[in-house]
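Numbering of the sequence shown is given in this note's numbering, commencing with residue 140 and proceeding in unit increments. Accompanying notes for the structure given below.
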Amino acid sequence: MIKLPPLPFANNALEPHISAKTLDFHYGKHHNAYVTNLNKLIEGTDLEHRSLEEIITDTAGDATKAGIFNNAAQVFNHTFYWNSMSPNGGGRQPKGLLFGEIVRDFGSYEEFKEKFKTAGATQFGSGWAWLVVSGDKLEIIKTANADTPIAHGKTPLITMDVWEHAYYLDYQNRRPDYIDVFLDKLVNWDFAEAEYAKVKA
Ligand code: FE
Numbered sequence: 140m141i142k143l144p145p146l147p148f149a150n151n152a153l154e155p156h157i158s159a160k161t162l163d164f165h166y167g168k169h170h171n172a173y174v175t176n177l178n179k180l181i182e183g184t185d186l187e188h189r190s191l192e193e194i195i196t197d198t199a200g201d202a203t204k205a206g207i208f209n210n211a212a213q214v215f216n217h218t219f220y221w222n223s224m225s226p227n228g229g230g231r232q233p234k235g236l237l238f239g240e241i242v243r244d245f246g247s248y249e250e251f252k253e254k255f256k257t258a259g260a261t262q263f264g265s266g267w268a269w270l271v272v273s274g275d276k277l278e279i280i281k282t283a284n285a286d287t288p289i290a291h292g293k294t295p296l297i298t299m300d301v302w303e304h305a306y307y308l309d310y311q312n313r314r315p316d317y318i319d320v321f322l323d324k325l326v327n328w329d330f331a332e333a334e335y336a337k338v339k340a
């Protein structure tokens, strides 16, 4: 049985950048529905008592379990997305080791931002943009639909949802504006730094 984790902030805490109405639908309806659907699909199966991460890695690439994979990955991706944002987010560069390795792997923080924006803007249709650790390097990747880096042996540090349900009520078709706001006002570098410290521990 997988539970819907609480939102790490109030539903209006990201206003004016992301409205309470968007979060009511996105968390309360979409994220919640992925949890409900997943639990229905795993009930009475050998996946019922596994962790979310185990369910994802056990079903990845198995066409007969695509429904389970898609719902499980969307539960994981959305929880990671809420943690990737903060009411006090943006406004600074990452610090410490993470900053050094962003410079090492992307050239500069500005180049990181441009590459991350491009990943989000060029993901055709629904999906996600990610900063991940792959081996001993940082990478920016995009994934389609429910796909998730943990199905590919990569460790996420930040994600941005670019499904239309993430931004349409607030930005309509202006996905690039939502992406700019994500990086300038919302991205939670405290979280990414803590996740990176776990990788390096
Ligand atoms: Fe979403």
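Glycine included, every Cβ here is placed at the ideal spot set by N, Cα and C.
**Prompt:** For Y220, which option in A336, A260, F321 has the closest C-alpha, if you only look at C-alpha atoms?
**Reply:** If you number the sequence shown from 1, residue 220 lands on position 81. For the residues A336, A260, F321, the minimum Cα distance to Y220 belongs to F321.
**Item:** Residue of Y307, V271, L308, R313 minimising C-alpha distance to T298
**Value:** Locating residue 298 in the sequence shown gives position 159, where the first residue counts as 1. The shortest C-alpha separation from T298 is found at V271.
**Message:** Taking the straight line between their C-alpha atoms, what separation do you get for Y166 and L143?
**Reply:** Here residue 166 refers to the residue found at position 27 when the sequence shown is read from its first residue. Here residue 143 refers to the residue found at position 4 when the sequence shown is read from its first residue. Y166 and L143: Cα-Cα distance of roughly 9 Å.
**Request:** Determine the DSSP secondary structure at E182, reduced to helix, strand or coil.
**Result:** Indexing the sequence shown from 1 puts residue 182 at position 43. Coil, per DSSP.
**Item:** W302 in three-state terms, based on DSSP
**Value:** Counting from 1 along the sequence shown, the entry for residue 302 is found at position 163. Of the three classes helix, strand and coil, the one that applies to W302 here is coil, per DSSP.
**Request:** List in chain order the residues whose CB is within less than 6 Å of at least one heavy atom of ligand 1.
**Result:** Taken from the N-terminal end onward, the list reads H165, H169, H217, D300, W302, H304, A305.
**Prompt:** Exposed or buried, K281, counting other C-beta atoms within 10 Å across all chains shown (16 or more means buried)?
**Reply:** As a position in the sequence shown, residue 281 is number 142, starting the count at 1. That one is buried.
**Request:** Using beta-carbon positions only, say whether L277 and E240 come within less than 8 Å of one another.
**Result:** Start at 1 with the first residue of the sequence shown, and residue 277 comes out as number 138. Start at 1 with the first residue of the sequence shown, and residue 240 comes out as number 101. In this structure, E240 lies closer than 8 Å to L277 by Cβ.
**Item:** Which of helix, strand or coil DSSP assigns to P315
**Value:** Looking up residue 315 in the sequence shown gives position 176. In the structure shown, P315 sits in a helix (DSSP, three-state: H, G or I).
**Request:** Report buried or exposed for S225, applying the criterion of at least 16 other Cβ atoms within 10 angstroms of its Cβ.
**Result:** The residue given as residue 225 occupies position 86 in the sequence shown. S225 is classed as buried because its beta carbon has at least 16 other beta carbons within 10 Å across all chains shown.
**Prompt:** If you run the structure through DSSP and keep just helix, strand and coil, what is P288?
**Reply:** For the purposes of this step, residue 288 is taken as the residue at position 149 of the sequence shown. Correct three-state label for P288: helix.
**Prompt:** Among residues of its own chain, excluding the 5 on either side of G308, which ones have a beta-carbon nearer than 8 Å to its beta-carbon?
**Reply:** For the purposes of this step, residue 308 is taken as residue 169 along the sequence shown, with counting starting at 1. One point to set straight first is that residue 308 is Leu, not Gly, in the sequence displayed. S158, K160, T161, F164, listed in sequence order.
**Request:** Out of I279, K324, I207, P315, point me to the one whose CA is closest to K179's CA.
**Result:** For this step, residue 179 is matched to residue 40 along the sequence shown. Of the listed residues, the one whose Cα sits closest to K179 is I207.
**Asked** To the nearest angstrom, how far is it from the Cα of L296 to the Cα of G183?
**Response** Along the sequence shown, one-based indexing puts residue 296 at 157. Along the sequence shown, one-based indexing puts residue 183 at 44. One C-alpha to the other measures close to 33 Å.
**Asked** What are the start and end residues of the beta strand (DSSP E) that includes E278?
**Response** As a position in the sequence shown, residue 278 is number 139, starting the count at 1. Start and end: 276-283.
**Request:** Taking only the alpha-carbon atoms, compute the straight-line gap between E192 and P233 and give it to the nearest angstrom.
**Result:** Position 53 of the sequence shown holds residue 192. Position 94 of the sequence shown holds residue 233. Distance between the alpha carbons of E192 and P233 is about 27 Å.
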